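Chains as they are written, first to last, in this note's numbering: chain A, 2 to 528; chain B, 2 to 166; chain C, 350 to 825; chain D, 40 to 139; chain E, -4 to 647. We treat Cβ as the ideally placed atom computed from N, Cα and C, and that holds for glycine. Keep in mind it's a predicted model, so treat the numbers as computed, not measured. Notes to accompany the following structure.
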Amino acid sequence: MNASHLLSVLVFLPMGGSLALLLLRGDDHTWIRRLALAVSLAEFILSLWLIRAFDSSEPSYQLEEARKWISSPPINYHLGIDGISLFLVILTTLLTPIAILASWKSINERVKGFFVCLLVLEAGVIGVFVSLDLFLFFLFWEIMLIPMYFLIGIWGHERRIYAAIKFVLYTMFGSILMLVGILWLFNKTGSFDLPAIQAALQSGRVVFSQNVELLLFGAFFLAFAIKVPLFPLHTWLPDAHTEAPTAGSIMLAGVLLKMGTYGMLRFCLPLFPAAAHKLAPAIAVLAIIGILYGALVSLVQTDLKRLVAYSSVSHLGFVVLGIFAFNATAAQGALYQMLNHGISTGALFMLVGMLYDRRHTHEINEFGGLATPMPVLAAFFLFVSLSSLGLPLLNGFVGEFLILNGTYQQHGRWAVIAAVGVIFSALYLLWAYQRTFFGEVTLDKNRALPDASGRERSLLWAMAAIILFMGVASPLITSRTESSVRQVFDQMKHSDNPQPVYAQRNALPAVHADSPAQAHAQEAQGR
Amino acid sequence: MTTLLFFALAAIAVAGAVSLILQKHPIHSALSLIVVMVALAGLYLLLGAEFISAVQIIVYAGAIMVLFIFVIMLLNAGEEERTNFSKMAAYVGLPLAAILGAGLVYWVAHEGSNAPGVPLAESATRPLAMLLFQDYLFPFELTSILILVAILGAVVLAQREKGEE
Amino acid sequence: MFPSHQDMMRLAPEIVLCVAGILIMVIEPFAGRARRRVVDVMAALGAAAALAAVVFPMRNAGLAFSDLLRVDSFSVFVHAIIGTVALLAVLAAPSYLDREGLPHGEFYALVLFAAAGMGVLASAQDLITAFVGLEINSIASYILASYRRDSPRSNEAALKYFLLGSFATAFFLYGVALIYGASGTTVLPRIDAGTIQPTLLALGLALLFVGLAFKVAAAPFQLWTPDVYEGAPAPVTALLSTGPKAAAFALLLRTYMTVEHAGSLWFWAIYISAVVTMFVGNLTALVQTSVKRMLAYSSIAHAGYILVAFAAHSELGTAAVLFYLAAYALMKLGAFTALSWLSGPGERHMELDDYAGLASQRPVAAACFSLFLLSLLGLPVTAGFLGKFYIFNAALKSNLIWLTVLLAINSVIGAYYYLRVIVAMYMRPPKRSFPPERVPAGIAAVLTLAAAGTLFLGLYPNYVIDFANRAALLLK
Amino acid sequence: MVPFSYYVVLSAVLFGLGVIGFLFKRNIITMFMSIELMLNAVNLAFVAFSRALGQLQGQVFVFFVIVVAAAEAAVGLAIVILIARNRKSLNIERVDLLKL
Amino acid sequence: MYVLNYLWIIPALPLLGAAINGIFGRRWPRAVTHSVALGATGLSFAAAAEIFREFHLLAPSSIPWVKTYFTWIAAGSFRADYSLQVDQLTMVMLLVVTGVGFLIHIYSTGYMAHEGGYARFFSYLNLFMFFMLTLVLAANYLVMFVGWEGVGLCSYLLIGFYFLRKSATNAGNKAFWVNRIGDFGFLLAMFLMFRTFGSLDFGHVLPSAASWPAEASGQFGTMTWIALLLFMGACGKSAQIPLYVWLPDAMEGPTPVSALIHAATMVTAGVYMVARSHVLFLHSPVAMLVVAVIGCATALFAATIGLVQNDIKKVLAYSTVSQLGYMFLACGVGAFSAGIFHLMTHAFFKGLLFLAAGSVIHAMGGQQDMRHMGGLRKKIPWTYWTMMFGALAIAGIPVFAGFFSKDEILSAAYLSPYGGSLLWAVGILTALLTSFYMFRLMFLTFHGGARYDEHETHVHESPKDMLVPLAVLAVLSLIGGWLAAPALWGGKDHFAGFLAPVFSAATSATDAVGGAAESAGSIERQLMAVAIAAGLIGLLVAWWMYIKRTELPEKLAESMKAPYRLLEGRYFVDELYAATIVKPLVWISRRVLWQSVDERMIDGTVNGVADAARHTGEKVRHAESGNTRSYAAWIVVGAVAFVSLLLWRAVK
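See below:
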């Protein structure tokens, strides 16, 4: 078997799954759930095949599929992945079954629609990550709005409608301008095909004037910045998260936000390097504000889910900072942090959802002392919080470290200020944890809450295992993303890319190579 | 002579039109309109369009206006009410309508004054018929459909509640 | 001079429509109440035949009837839209007419005649011929608007439509008169050459534009639209908001693209009108509580979008207009048809709240309706998206960047009110019970066809857009 | 011989009066009559231009306009009757069920 | 070379223990739980001992002995491996950590016998061992940071072990947060180090740094920045001014935890780190000065607070802070091996003191306030005598361990080119205070009459599993110092000799400037005399005040109200921090950032735009008046507009 149509299969399997779901009887909840889970698991297993089929030494797109689609203007059905998208696809396929399992018991109304939405969402998100045609990209980008809209609007909480509409309008505002940008780009380059456009830009066949490039960059960036969301475009996020059902939050935080940062890495940097360079300081400032601001605002939230939502603003700030530091290390870190955030925040939302299932509230005041009735849940919550606050050996640290380290090499001051966010993240997470789980049980109705069920435990174990795995064995992932990320920056090379400081200084010790300490060290390493 | 006649007919036509606007009772308005039409028929004659002139009298003044008067009588319409709910029409619409009219007059006069007038053949009716039934056969046939639709419409709209028997 | 065989071929759709209309009028009295279905079927067959008859003009493009008509890909394209609209309108009607106790035969005849009028409008290149076509269509429309004779709203809609329509027609006519005076002809391609008085021509073109802008509901001539669309019976609204609009746009476009003076003079008028139309339509739709009226306002907004493509004044723009018209016809017709069925007897349930919880009781209907709404909103995979996409493309190609951005902003405003309906249908608890489970076959067919068409155009637009491109080339 | 432009000017005056009449009148039938006045103005313009251009087309157009006017009158008056029957009023300002 | 080749086994054993207990412990009997925990720690102690043996067989050239396992983080130009290393310094730490750790594990089985969360406790404890061993075995800064943060986590968990108590969880949070501030410095130091040296491996950074030119005093160069940032980390972990505030609160944890983490091992990690990075520090006079001054100041500062505390553990806590100050003083004056030596002896005697205090508390049924103790000498003699050993050691009474190490530091402070008489004087003063408050503690607790209700509190000696570790540590407190008996006493400084290869740079630096070794002997003798005197004076004053004239303290407190309040209130530093940092931060976050900026400004704008649109719609809507005449008027408006527009364009 070869993997030549693997990407298409990945995109359309969930679609097919959702169609199959539609054929089931609406009140047959058990089989609806089972089928949805089966489809998403099959999808996950198939996506793992990507890792095998992927050649990590090859920086450009792989497993490409290209078909003519729309004749005028020339639009192709063009799929492909590279190191940047590879793991984002897998993250998506991983989080979908988890989201399905997380809502196994908590969704009892209009079950069919719910799982259909989840699967369509999955297909849309995967489509975004694997599209190499700008039109196709945009298509998937918009398509996934609808299932998310329904997920929030139908199965959400009290203010769900406000949140759902806000989410869609916010996103749509950005994306419609991106469509304008895409078309403008098409008018300049005559193609929607990303590799073709990249080639045209690389070869200098197409050159933008500075203003045009800035506008184009802006059109793309705005859409992505809203999705990320970058301060001050973030206010849809807390509402969307607070009101969304657990699975919605998991998918929203886990993968949807990544579409924004993915877009920056995929489009903004390679296509408009000069504009990116010009605007990077401003963007970095926003990212840093986001990091600190998000953290501080989370600190004072009274709603657990809102807190996690604001923490996303902070975390994604790191990612944006990493991308716009123009340093391969930082960008790798950013990519890694995208995955981390997907896992950790996804898991946090799942945990908050489990609390919600028991108590139907997210208010921290309504909890307190929960570690006594539910020690297992408390333990996992702590574990995930620690991953989120960047404890070494857990996934969050690797990403944050790489981002900050990489950024520091380029722009010391940015990294120093951003690193303060590391302190704050400990503040809000542990404080919230304390208020939720520690102390005596404050409300009687919390006294007899059941601890994690078998299903919940297995989910939590899975997440914990991934968190640990990603914290310990990061090269398994970074080695595959390396060459693609590097290529992004190679493509930007023609613009200024300052030489890292250490590369100049490194020469210094070599002068004293015969000094005893040096020899000593070399010997030690040699062994 | 024709000049005098023109001004006389034009004055009648304008007077009729103004009267149409100023009359309170619809019947008076309708009669004013008939005056305008007749005056126009005269003008058509002056322009050498005898056929049109005849049609104007027969169809327009005769048939259409009779229909109007018939309806007015049928509905027993009285004097116009003095309601004025629409500030828009009164304060914006009317002045602008006047401006529009004046503008048209100005530009039409401005443009048309130097254009040559072309004398017409003795009797235009025959060539007119040729034109109508050859070059403009298609729209002419189309008018049959138009009239069909109108008839259908009148039937549909004015018939007594028969559909619900 | 008798019309040649070729002429007849080029006129096939109109002929079929008229013949079918007349046949129905003839047969209806004999069919009686018992065999009313015969009339239904005849009407459907007639409309279908007319749609099929589009093939003839397609194969026999050229001028017809002493150059009064110009049958080309462009007119064929518009004919196809009109034929589809007529077919769908006819298919959707029977259950509605039954429900409201309205006569069938006349309705079909009027629809078919109106369609014939639209067809003439689409292929006319002579303004007088177009005028006659326009009037056939308009008069039929006035009658259809008041087809629910007992309903004061229906009457009122008809009256407003009639009065304002005639008023606008007078402008149109005076424009034609002035154009004739300025150029000595009313045949579009000859106007430029014949013009001896450019200012008079400008005057004429301005008045012509007023008349046509009224028909397509462009601001500030759009005010009749909501009242008429709201008051008219829903299937009629479906027809009115799609067919005549497409036909009027066709004439407007033909004039705009054929007459160079029009091309240069109208640009700013269209530009301004496009902006105002979009904003007025969307902003007002925002605050509507009646779904029907909201959709009426939305059709104003869509007219604005189409005008943006006009402003591009290019082949791309023409193709975009055509594609959008097709897409728009499908989705709007679908939406109004769904509405006509769901609103219940007497169209009592038109308020947004009446649609609360629809999805839980009529999932398929809600899904269809949502699809149309999403397409109107311009979401990918639907025809509406590609339509907007082509408009964007055309406008950008002509460097109308600000217009494009304004259109973009408007799409977002528009999203709000379309989503509100979806919110009601899916996210709120039901407040009433909906019409019986059994969907009338006609309605089902229309919804299916429209939905399928919407998706098809959204996913695989090649045939249509290629055709539109060809049509645009010919028109130039 | 009067210059044909006088006729056109007259037609413009009548057209303007028609517009004013339409806006000024409240009785539906009179409003309709104003439209007829406008159409008459159009006719006059056609005939005048026809004369000026030395063509007969203009007169043919008048013929069409008259036919259309007749058809409109038939349908329009039918609608008026419907309104009068349902509303017991011919005042256009009382016909405002549909608004906003 | 068995174990040296499998270095990973040392941290892995406790990790395994932690995992087993953490996952299954709840369902297992206590015996199994503590067997697993003790087994893991014991085995790793054994392994450490074995390594110590094997270590001597290594050729000097193969030290440090580095084992690289696999790459942990590799991205862009950055690369860090999981690599462990053993050198002399590590060896010392390894033995101290596993040894003291093992003893405390044993002690805990007794101490915790009746507490809930038994498995959880041992799981945490083992986890701590894992991280601490990772810290000391690390071969690069990043792996060290793993241990560094990890022990912080365990500290958090163990401080908040009694999570039902709000004060405990508060203290845990505080510990974590304050440590995070320090870690912020550590992180930045790593970034800067990477930028400067292109690597974080000790084997690369330290030799590279050694070959750099030293910075001039007063110069804030790269080295200074790296060193200061590292020191910031150390301040957090080792509770130095201004980040010491968490440690006293950390006493909320179970006593064995205080002994292990907050006295013997974790808190000394900062010292270890500074010592490990001594090359960097030595290149920066500024950094050295800062370290010395901060260390010295902290020593005095904490000691003064310790004078008036009544909670037995709080006294010990401040004493720990103070002793850590000594260690940094040592590092700051370049006497790194002295610092490490004090670290070791401190681990013995402070571990002992805490355990003994735990035993007292255990005996008193949870009572920690010394004012409600007294006269326990007879009732719990084992505890008394072992604790006395610890007190003597910390007070710097000759022959006990603390005497040697403290003396070494003080003399270095005086003699070292980095030091000075002021530092020394403060050190001596601190030694006096230390002796005083320690014996105050001893006398208040064990001497005099019972100040508690003897009927309600049944004072009992602790079980054997608690006493054995006490005994062992008491012995170590007695003899531990002899490892480094100064030449004066005819001994040989084995300890310094052992560490010499590691601190060669430091020795050369101090020697190069200090020079006059000959005259040092007599000065050292005088210094030692002063130190001994300080210790004895402290003891005597305490005896005078708490045995002889027991009413005196209160009088004193009465007469010096303000200073007493200041000391009792711990200089109100916590309150100061709360008022200047914590409260404003929360207030700004809530009122300004969240409610004003986020909700009102940003979201307000967004919603405002939506409202404006709706509002405009509402306005525009009124054009749709329903009146046909007005519609017609609009048509006329449009007609006029377009006619004018077109005419204008046509005429132009």
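Counting only the Cα atoms, aspartate 136 of chain B lies some 16 Å from histidine 354 of chain C. Contact annotation for lysine 138 of chain D against chain C: Asp576 [CB-CB distance below 8 Å, chain order].
Valine 635 of chain E reaches chain B at Leu97, Ile100, Leu101, counting residues in chain order whose Cβ is nearer than 7 Å.
Of all residues in the segment 534 to 560 of chain C, only Gln546, Thr548, Leu549, Leu552 come within less than 7 Å of chain B when Cβ atoms are compared, listed by chain position. Just measuring C-alpha positions, the residue of C:Trp573, C:Ala369, C:Leu476 sitting nearest valine 536 of chain C is C:Leu476. Taking a Cβ-Cβ threshold of 7 Å, the residues of chain A close to asparagine 818 of chain C are Ser73, in chain order.
DSSP lists A:Ile76 as the bridge partner or partners of isoleucine 71 of chain A. Annotation: the continuous alpha helix (DSSP H) that includes glutamine 203 of chain A extends over 195 to 203. Contacts with chain C at 9 Å (Cβ-Cβ) include glutamate 111 of chain D. In this structure, DSSP gives alanine 684 of chain C a helical state, which the three-state scheme calls helix.
Here threonine 63 of chain E carries a strand assignment [DSSP, helix/strand/coil]. Per DSSP, phenylalanine 88 of chain D is one residue of the alpha helix (DSSP H) stretching across 67 to 92. The segment 555 to 585 of chain E contains, as complete alpha helix (DSSP H) runs of 4+ residues, the segments 556 to 563, 568 to 572, 578 to 582 (chain order). Apart from sequence neighbours up to five positions away, the residues of its chain that approach phenylalanine 336 of chain E with a beta-carbon distance below 7 Å are Ser400, Glu403, Ala479, Phe490, ordered along the chain.
The beta carbon of methionine 339 of chain E sits closer than 7 Å to those of Val87, Val91, Gly475, all from its chain and outside the five residues before and after it, given in chain order.
Less than 9 Å divides the Cβ of histidine 363 of chain A from the Cβ of leucine 305 of chain A. Against chain C, the beta carbon of arginine 609 of chain E has neighbours under 7 Å at Leu635, Val636, listed in chain order. Annotation for threonine 544 of chain C: Ala531, Ser532, Leu550, His610 place their beta carbon closer than 8 Å to its own, counting only its chain and skipping 5 residues before and after. Residues of the same chain with a CB within less than 7 Å of the CB of isoleucine 431 of chain C, apart from the 5 flanking positions on each side, are Ala464, Met467, Gly468, Ala471, Gly592, Ala595, Ala596 in chain order. Relative to alanine 310 of chain A, the option among A:Leu180, A:Ala254, A:Phe425, A:Gly323 whose CA is nearest is A:Ala254.
In the three-state reduction of the DSSP assignment, glycine 414 of chain E falls in the coil class, being assigned neither a helical nor a strand state.
If only uninterrupted beta strand (DSSP E) runs of at least 3 residues are considered, none is enclosed by the segment 452 to 507 of chain C. In the three-state DSSP reduction, serine 422 of chain C falls in the helix class (H, G or I). Among the residues facing chain A, serine 709 of chain C is included, as its CB has a counterpart in that chain under 9 Å away. Counting only residues of its own chain and dropping the five nearest sequence neighbours on each side, tryptophan 432 of chain A has a CB closer than 8 Å to the CB of Leu300. Taking a contact to require three or more Cβ pairs closer than 8 Å, the segment 562 to 569 of chain E and the segment 419 to 426 of chain E do not qualify as touching. Closest in alpha carbon position to threonine 85 of chain E, among E:Asp593, E:Ser332, E:Lys161, is E:Ser332. Within chain A, Pro393 have C-beta atoms less than 8 Å from the C-beta of phenylalanine 140 of chain E, given in sequence order.
Here the segment 573 to 586 of chain C lies against the segment 500 to 513 of chain C, with 3 or more beta-carbon pairs under 8 Å apart. The contact set of threonine 623 of chain E on chain D, defined by CB atoms closer than 9 Å, consists of Ile67, Met70, Ile131, Glu132, Val134, Asp135 in chain order.
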